[in-house]
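Chemist: Chains V and P, in that order, give the protein sequences.
Read left to right, the first sequence gives residues 1 to 567 (the UniProt record's numbering).
Read left to right, the second sequence gives residues 1 to 567 (the UniProt record's numbering).
Below is the structure I would like to discuss, written out as structure tokens.
Protein chains: 2
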Amino acid sequence: MISTNSGRILHTFSSRVWNHQHRCLPVFSASCRCRHVRLASTDHGSRDGRNETNNTNTFLASALGATCVVGATLYWKLRHDKLQAAELDYEPGSIRPNLPTYSLADVSKHKTKDAGIWVTYKNGVYDITEYVTGHPGGSKILLAAGGSMEPYWNMYGVHKQSGILQIAEQYRIGNIVEKPAGSEGLSADNPYANDPPRSPILIPSSRAPFNAEPPALLLAENFLTPNDLFYIRNHLPVPDIDPRKYSLEVQGSQKTAVLDLSGLRKGFKKKSVAAVVMCAGNRRSEMVRIKSVKGLNWGAAAIGNANWAGATLNDVLKHSGIDLEGTEKKHLVFEGMDKGPEGSVYGASIPIEMARSLKDEIVIAYEMNGEPIPRDHGYPVRVIIPGIVGARQVKWLNKIYLSDEESECHWQRRDYKGFNSSIDWHNVDFDSSVAIMQLPVISAICDPPEGTELEEGSDEVTLRGYAWSGGGRGIVRVDVSADGGKTWQNAELKPNGQSPYRAWAWTLWEATIPIPEGKAGDVELVCKAVDVSYNVQPDSVEGIWNLRGVLSNAWHRIKVTVPPSSG
Amino acid sequence: MISTNSGRILHTFSSRVWNHQHRCLPVFSASCRCRHVRLASTDHGSRDGRNETNNTNTFLASALGATCVVGATLYWKLRHDKLQAAELDYEPGSIRPNLPTYSLADVSKHKTKDAGIWVTYKNGVYDITEYVTGHPGGSKILLAAGGSMEPYWNMYGVHKQSGILQIAEQYRIGNIVEKPAGSEGLSADNPYANDPPRSPILIPSSRAPFNAEPPALLLAENFLTPNDLFYIRNHLPVPDIDPRKYSLEVQGSQKTAVLDLSGLRKGFKKKSVAAVVMCAGNRRSEMVRIKSVKGLNWGAAAIGNANWAGATLNDVLKHSGIDLEGTEKKHLVFEGMDKGPEGSVYGASIPIEMARSLKDEIVIAYEMNGEPIPRDHGYPVRVIIPGIVGARQVKWLNKIYLSDEESECHWQRRDYKGFNSSIDWHNVDFDSSVAIMQLPVISAICDPPEGTELEEGSDEVTLRGYAWSGGGRGIVRVDVSADGGKTWQNAELKPNGQSPYRAWAWTLWEATIPIPEGKAGDVELVCKAVDVSYNVQPDSVEGIWNLRGVLSNAWHRIKVTVPPSSG
């Protein structure tokens, strides 16, 4: 079994694996509250290991309790007697002169079971192949395979207790002295030299401008995506804005209002909205497999769901003397402070009808998940327009005004539009299509990841993922299949607390489904969602392929493998 | 060539066909204004027949001018000399003692070129095979094949000039004395005995209750579907309501307002909205081909677009003291006057959020296309809720009230819901799904009809059809293909004059696309639409099959044939 969050798997850990394994096991976990409850119930199945299991559970319960807030967790499963035996006379992660030294390149070659699975912590190199090989349930640790565990440990800080670190040293095989490459290598005149530091958990698809997504596996863990895990989609260098000097210009027909950050925070009622921001190119990599496209090679994690807070558009416009109902202008334009080399700024606009109908939902936001918006996400202020593509939700917001015309920005007029699959760069006419606003219904399987090897003889598999639709259309059903789409089962939808007609947040889902009997080898897992307007995802990527690789919302298909049963 | 509304085809008529054909030719036409202009231009290509063509054009121009208002037209193409020769000494359609008598059953066997194509007018039987065989462009006349021309002539009354009727007699082969069967056969105690008369153009899928759709071929002719052509979906016998006694009860928390028809007409501002009404089961017949479903075997014409006029919901509720914004009730319920055998009435409800956001768009309607709503469509009053399924747009509206619960009507709770394709009658749980409200994006090819034989050597084909999406989402693109979906071309969208975010009406479209070179035999024509939220239609019927055969919005595929070129 791949998933770590079902009672059945934990039972396996307690009663079988745990007693045959004499080393401490690193593993990621999720859905802590659930797991905590289920752990207790697994005790009944582990007579011969009761003491160990109880101790383990006590540890887990404490670690998990502390990390439930952020959701996903990396922890060390401990055996009490082993822990006592493992006391060290050196700092975990410090250089050990009696061990060989490896390069980062050496470590990065060790990502698979065949090559061995290595990870690093500070100056330590660890071989965790034995654990991973024996326990497919620990798949999440593979996220760190061939690289450093630190980003995960920094994120879920509870694990750096010295006892746990000492245990980790039992897997120690060598030293590393190199530092990972970062943006510090950029010369001072490089426009991206002043970009902020980012979590190394993120997987970059481009470094300048910086664009990166988290491992999809971690997405379905949290209804609210942690800021450090939220995908980053920058078009230009990140502005470095002094909050004391920040101002937002709102141009009315009679006057131009200028609001500073303090004015935005204190002058208006604070409105919070849990809303998805998604890149139009999310899941583009599936289109690339059909035929090449222009664009970042996004997996299924160029999407996140956060709680955004700030002033409503309506309040800000009213304060600035702009009358959305009375105006004859056709578009509301937003401009950012991120500038291209020739000085032009990023901008976007929305149709006036959309501004009107969403005026109390659109947020001029200064908070993301209760914190100041991080620099990569628009510090200090961005606009959140729920239900539409990320590209219009201008970051580093500098100016708002009405116009007869759409934003003239490249990304409004010459990008982020849909075309049929017979249009390519030789015959495209961007004026013939409309700028993407509301997005169509989409879903994805986050867990298990593509290519996962399930446990030998698995007869079922637990899938978890997200589903979302633009325009506030709530998700009413997610169908999952373990036979490539021949038969379907409804997934369990986790309530998001929003009205189905104003559902700006995503819906997380989970399903445990049988694997077709006698099946060994590849299993194709599929999911597809239905929104409240009964829109469905299209069956194939071929039918929606487009030259920019946007709007990639076909049924999400991944392959996992079931080893043939040896019994 | 199949289509009759392109310049190229008319040119063919003028310069080639017309001169080789010594009989008068019946044919349907459409898009009159367009054709009128193009006709004039075809004169240049018909030197040897200029006189005839000009006379023909003069006649056509006059007939077409008179019928442009209604759109689709049946007319006789005339040859001037033939017309003069054809004067008769009897009434067209009267019994001719020297000709054989046929039964309706005899006539109904003559629908194909192989069997001969017969039609009737009054007591006359006509064999029009020669015309149809020689001229595939006349395909619309096949709608009347095996039956009476009268419904079409009654609809487009201009054709019953005595001259035209005299010409028709040249095709006369016999007499008919039977009357077509109608509902007059029902005994007085049959609950359907008092149903209204319907246009025989409609193709019934059930007679009690009466359900019928027009030939899809006629749908794309008119932005506003003529009342007589509008599909009928009745669940119960049609109430026979005396307008002087009609009343609408609107139950507020404090009082119940009772409005009569005159009060509705005179007491409120009249609001008009062009809006689609579509049955959830439109295009069900495509699902039936995969696996049987429960439901009427609708083709692609269980949809219509009409101009509805009446009082807004908001005005009626305000008048009745109902506060949509302030209420804590969750649903707005509508009840009709159509009763089941056990006395229960048809009803439906919509979520309160929907009532709020559409309060100025929902119409308590008493007019359909400028006329009192016909009995089959809810006379004297129905509710029009733009953007949602027809089933909630209660006809013969009797009562409106707020409720904590959805309508308890069978059709709200135990019907008109979506399920995945692995749910069938043995495992369905209607409570597990949500009542269909807003509909997903759909489109269909109306012209040419399935199975049409194109002209020998055709290298292109003209397609026409409709596209629409629920929730007011306008259509931004229709893709058409003549190679089964391998390559695509954009269709030309006819503007519907509505905002893309409040697009309640459909979008008619047209495209002329090349037939793959050297292609003979079956050609698969396909269309698919994209709405402003970039929702697309699913590729396959298999992926959306459901036990009730609703929401059938896969790519619309039809087969036509191209005879092998004899040259």
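Even glycine gets a Cβ: it sits at the ideal position worked out from N, Cα and C.
Only a predicted model underlies this, so the values are computations on that prediction, with no experimental measurement involved.
(1) Apply the 10 Å Cβ neighbour rule to residue 501 (chain P) and answer buried if 16 or more other Cβ atoms are within range, or exposed otherwise.
(2) What residue does the beta strand (DSSP E) around residue 478 (chain V) start on, and which one ends it?
(3) Rounded to whole angstroms, what's the CA-CA distance from residue 305 (chain V) to residue 553 (chain P)? Just pull it up for me.
(4) Using a beta-carbon distance below 8 Å, is residue 103 (chain V) in contact with chain P?
(5) Among P:561, P:103, P:476, P:371, which residue has its Cα nearest to the Cα of residue 518 (chain P)?
(6) Is it buried or exposed for residue 18 (chain P), if we count other Cβ within 10 angstroms and need 16 for buried?
(7) Bridge partners for residue 127 (chain V) per DSSP, in chain order?
(8) Pull up the DSSP beta-bridge partners for residue 498 (chain V), would you.
(9) Taking the alpha-carbon positions, what's the residue 102 (chain P) to residue 229 (chain P) distance?
(10) Please list, in chain order, the residues of the region 276-294 of chain V that have any C-beta partner in chain P closer than 7 Å.
(11) Our contact map puts residue 275 (chain V) next to residue 384 (chain V) with C-beta atoms below 8 Å; I'd like the distance itself, whole angstroms only.
(12) Below 8 Å on C-beta distance, what does residue 402 (chain P) contact in chain V?
(13) Compare the C-beta of residue 466 (chain V) against all C-beta atoms of chain P and say whether one is closer than 8 Å.
(14) Whose Cβ in chain V lies nearer than 7 Å to the Cβ of residue 539 (chain P)?
(15) Going by C-alpha to C-alpha distance, which of V:204, V:548, V:206, V:497 sits closest to residue 420 (chain V)?
(16) Would the region 465-483 of chain V count as touching the region 503-512 of chain V if we require 3 or more Cβ pairs under 8 Å?
(17) Do the region 271-289 of chain V and the region 248-255 of chain V make contact, defined as three or more Cβ pairs closer than 8 Å?
(18) In whole angstroms, what is the alpha-carbon distance linking residue 194 (chain P) and residue 242 (chain P)?
(19) Should residue 148 (chain V) be flagged as near chain P, meaning a C-beta pair shorter than 8 Å?
(20) Verify whether the separation of the beta carbon atoms of residue 311 (chain P) and residue 268 (chain P) is less than 8 Å.
(21) By DSSP, does residue 251 (chain V) sit in helix, in strand, or in coil?
(22) Chain C beta carbons: is any one of them nearer than 8 Å to that of residue 454 (chain P)?
(23) Threshold first: 4 residues or longer. Then list the alpha helix (DSSP H) segments lying entirely within the region 405-443 of chain P, N to C.
(24) Check whether the region 95-110 of chain V and the region 409-429 of chain V touch, using three or more Cβ-Cβ pairs below 8 Å as the test.
(25) By alpha-carbon positions, which one of V:380, V:543, V:270 ends up nearest to residue 528 (chain P)?
(26) Could you tell me the boundaries of the alpha helix (DSSP H) in which residue 199 (chain V) lies?
(27) Any beta-carbon of chain P closer than 8 Å to the one on residue 502 (chain V)?
(28) Report the residues of the region 520-537 of chain P with a CB closer than 9 Å to any CB of chain V, ordered along the chain.
(29) Would you identify the three-state DSSP class for residue 517 (chain P), choosing helix, strand or coil?
(30) Going by C-alpha to C-alpha distance, which of V:143, V:120, V:171 sits closest to residue 128 (chain V)?
(31) DSSP on residue 575 (chain V), reduced to helix/strand/coil?
(32) If we cut at 8 Å on Cβ distances, does residue 479 (chain P) have a partner in chain V?
(33) Could you check the C-alpha separation between residue 534 (chain V) and residue 440 (chain V) for me, to the nearest Å?
(34) How about residue 369 (chain P) and residue 297 (chain P): are their beta carbons less than 8 Å apart?
(35) So, is residue 452 (chain V) buried or exposed, given that buried needs 16 or more other C-beta atoms within 10 angstroms?
(36) When the cut-off is 8 Å and only beta carbons count, does residue 434 (chain P) lie next to chain V?
Modeler: Walking through what the data contain:
(1) To locate residue 501 (chain P), count along the second sequence from 1; it is residue 501. Buried, by the Cβ-count rule.
(2) Translated into positions along the first sequence, residue 478 (chain V) becomes position 478. Counting along the chain, the beta strand (DSSP E) containing residue 478 (chain V) begins and ends at 475-481.
(3) Taking the first sequence and counting its residues from 1, the one referred to as residue 305 (chain V) is at position 305. Taking the second sequence and counting its residues from 1, the one referred to as residue 553 (chain P) is at position 553. CA-to-CA, the gap between residue 305 (chain V) and residue 553 (chain P) works out to about 30 Å.
(4) Here residue 103 (chain V) refers to the residue found at position 103 when the first sequence is read from its first residue. No, no contact with chain P.
(5) Translated into positions along the second sequence, residue 518 (chain P) becomes position 518. When each option's Cα is compared against that of residue 518 (chain P), the closest is P:561.
(6) Here residue 18 (chain P) corresponds to residue number 18 of the second sequence, with the count starting at 1. Note that residue 18 (chain P) has pLDDT 25, beneath the 50 cutoff, so the model's placement of it is unreliable and the number below is only indicative. Per the 10 Å Cβ criterion, buried.
(7) Taking the first residue of the first sequence as position 1, residue 127 (chain V) is located at position 127. In DSSP, residue 127 (chain V) forms a bridge with V:118.
(8) Numbered from 1 along the first sequence, position 498 holds the residue referred to as residue 498 (chain V). Beta-bridge annotation (DSSP): residue 498 (chain V) is not paired with any residue.
(9) Numbered from 1 along the second sequence, position 102 holds the residue referred to as residue 102 (chain P). Numbered from 1 along the second sequence, position 229 holds the residue referred to as residue 229 (chain P). Approximately 29 Å, taken between the alpha carbons.
(10) none
(11) Counting from one through the first sequence, the residue named residue 275 (chain V) turns up at place 275. Counting from one through the first sequence, the residue named residue 384 (chain V) turns up at place 384. Right, their Cβ atoms sit about 6 Å apart.
(12) Residue 402 (chain P) sits at position 402 when you count from the first residue of the second sequence. Those within 8 Å of residue 402 (chain P) in chain V number zero; the least Cβ separation is about 17 Å.
(13) Working through the first sequence from its first residue, we reach residue 466 (chain V) at position 466. Answer no: the Cβ-Cβ gap between residue 466 (chain V) and chain P never drops below 8 Å.
(14) Here the question's residue 539 (chain P) lines up with position 539 in the second sequence. Result: 538, 539, 540, 543.
(15) On the first sequence, position 420 is the one that residue 420 (chain V) refers to. It is V:548.
(16) yes
(17) no
(18) For the purposes of this step, residue 194 (chain P) is identified with residue 194 of the second sequence, where counting begins at 1. For the purposes of this step, residue 242 (chain P) is identified with residue 242 of the second sequence, where counting begins at 1. Using only the alpha carbons, I get a separation of about 14 Å.
(19) Mapped onto the first sequence, residue 148 (chain V) falls at position 148. Taking Cβ atoms only, chain P never reaches closer than 8 Å to residue 148 (chain V), which makes this a no.
(20) Numbered from 1 along the second sequence, position 311 holds the residue referred to as residue 311 (chain P). Numbered from 1 along the second sequence, position 268 holds the residue referred to as residue 268 (chain P). Yes. Within cutoff.
(21) Taking the first sequence and counting its residues from 1, one reaches residue 251 (chain V) at position 251. Residue 251 (chain V) falls in the strand class under three-state DSSP.
(22) The chain inventory of the structure shown lacks chain C, comprising the protein chains V and P.
(23) 410-413
(24) No, the region 95-110 of chain V does not touch the region 409-429 of chain V.
(25) Walking along the second sequence from the start, residue 528 (chain P) turns up at place 528. Considering only alpha carbons, the answer is V:543.
(26) Stepping through the first sequence from its first residue, residue 199 (chain V) is reached at position 199. Element bounds for residue 199 (chain V): n/a, residue is neither H nor E.
(27) On the first sequence, residue 502 (chain V) is found 502 positions in, with the first residue counted as 1. Chain P contact via Cβ: present.
(28) 528, 530, 531, 532, 533, 534, 535, 536, 537
(29) Stepping through the second sequence from its first residue, residue 517 (chain P) is reached at position 517. DSSP places residue 517 (chain P) in coil when its eight states are reduced to three.
(30) Position 128 of the first sequence holds residue 128 (chain V). Comparing Cα positions, the closest option is V:171.
(31) Given that chain V is displayed from residue 1 to residue 567, the structure contains no residue 575 (chain V) and the question cannot be resolved.
(32) Looking up residue 479 (chain P) in the second sequence gives position 479. Look at residue 479 (chain P): its C-beta is under 8 Å from a C-beta on chain V.
(33) For the purposes of this step, residue 534 (chain V) is taken as the residue at position 534 of the first sequence. For the purposes of this step, residue 440 (chain V) is taken as the residue at position 440 of the first sequence. Distance between the alpha carbons of residue 534 (chain V) and residue 440 (chain V) is about 11 Å.
(34) Here the question's residue 369 (chain P) lines up with position 369 in the second sequence. Here the question's residue 297 (chain P) lines up with position 297 in the second sequence. Not closer than 8 Å, so no.
(35) Within the first sequence, residue 452 (chain V) is the residue found at index 452, counting from 1. With 16 or more other Cβ atoms within 10 Å, it is buried.
(36) Indexing the second sequence from 1 puts residue 434 (chain P) at position 434. It does; some Cβ of chain V falls within 8 Å.
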